[in-house]
Each structure stands twice: as structure tokens, then as C-alpha cells.
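The UniProt record's numbering puts the sequence shown at residues 1 to 98.
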Amino acid sequence: MDKQIFDEKFGAFSTALKQKFAGLNLTDEEIKKAMKNPDDLVTLVSAKTGISREEADKRVHQAMSTVGIDDTQVKGFMEKWGDKVGDKIADIKNKFSH
1 MDKQIFDEKF
11 GAFSTALKQK
21 FAGLNLTDEE
31 IKKAMKNPDD
41 LVTLVSAKTG
51 ISREEADKRV
61 HQAMSTVGID
71 DTQVKGFMEK
81 WGDKVGDKIA
91 DIKNKFSH
């Protein structure tokens with residue numbers, strides 16, 4: 001999944017997630033960070049809402065399916081994105097240490 005498609009789907013997913021959990025007070029950045037692993041997102045939603053982990057898992061995956069994304073797509077994109085960010089940070093550190 002390329003970045004443009006992910007960004008488009010992320011906006012729709014964030015909206016769908018917030019609709020599934022009335023009163024869920026999460027920023028888009030918190031959601032993106034937790035999406036590195038969908039299980040982390042489920043845990044975060046469960047903790048923030050007080051519902052069972054099983055119910056949170058069901059609703060998170062319903063929100064994902066409404067916008068046409070699955071765990072594999074999310075993990076793959078977020079791993080690549082995380083690697084790129086990590087590489088850029090390492091490059092910057094190297095420039096300042098030399």
C-alpha cells in the first residue's frame with residue numbers, strides 16, 4: 001500500500017474508528033502510532049473506553065473493514081514507514097556527530 005492510498009484510507013479509518021467509539025478521545029497521531037500493530041490499537045481503545053479487549057478488537061476490525069484495510073496492510077505500511085523514519089533519524093544523528 002503506498003503512502004497516498006494509506007493517507008486517504010487513514011483519514012476514513014480514523015473517522016470510522018471515532019464513530020464506532022463515541023467519546024473516544026484519541027488524536028490522529030495516537031492512532032497512527034498505535035497502528036504499528038493493530039493489537040496495540042485494540043489495547044489502547046480498550047483502555048481508553050473501558051470496554052473489554054474482545055469488544056474493542058471486534059469494533060476496531062469493523063472500522064478497518066469499512067474502509068477496506070486489513071491487519072497485513074497496516075502492519076506492512078507502518079513497518080516500512082517506521083523504518084524510513086528510523087533511517088532518517090540515524091542520518092541526521094550521523095551528520096551532527098561528524
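We treat Cβ as the ideally placed atom computed from N, Cα and C, and that holds for glycine.
request  = Just confirm the distance between the C-beta atoms of ARG59 and LYS20, as a whole number of angstroms; I'd bet it's less than 8 Å.
outcome  = 5 Å
Buried or exposed, going by whether 16 or more other CB atoms sit within 10 Å of the CB of ALA63? buried
Subject >> Of the listed residues ALA56, GLY11, ALA34, THR66, nearest to ALA22 (C-alpha basis) >> reply: ALA56
On the CB-based measure, 16 or more other CB atoms within 10 Å of its CB, does ILE69 come out buried or exposed? buried
key: Inter-residue Cα distance where the pair is LYS36 and PHE96   = 29 Å
### Task
Pick out whichever of ILE92, HIS61, ARG53 has its Cα sitting closest to the Cα of PHE13.
HIS61
Assign VAL67 to one of three DSSP states: helix, strand, or coil.
coil
- Query: What number of angstroms, rounded off, separates the C-alpha of SER45 from the C-alpha of ILE31?
  - Reply: In the sequence on display, residue 45 carries Val and not Ser. In a straight line, the C-alpha of VAL45 is about 9 Å away from that of ILE31.
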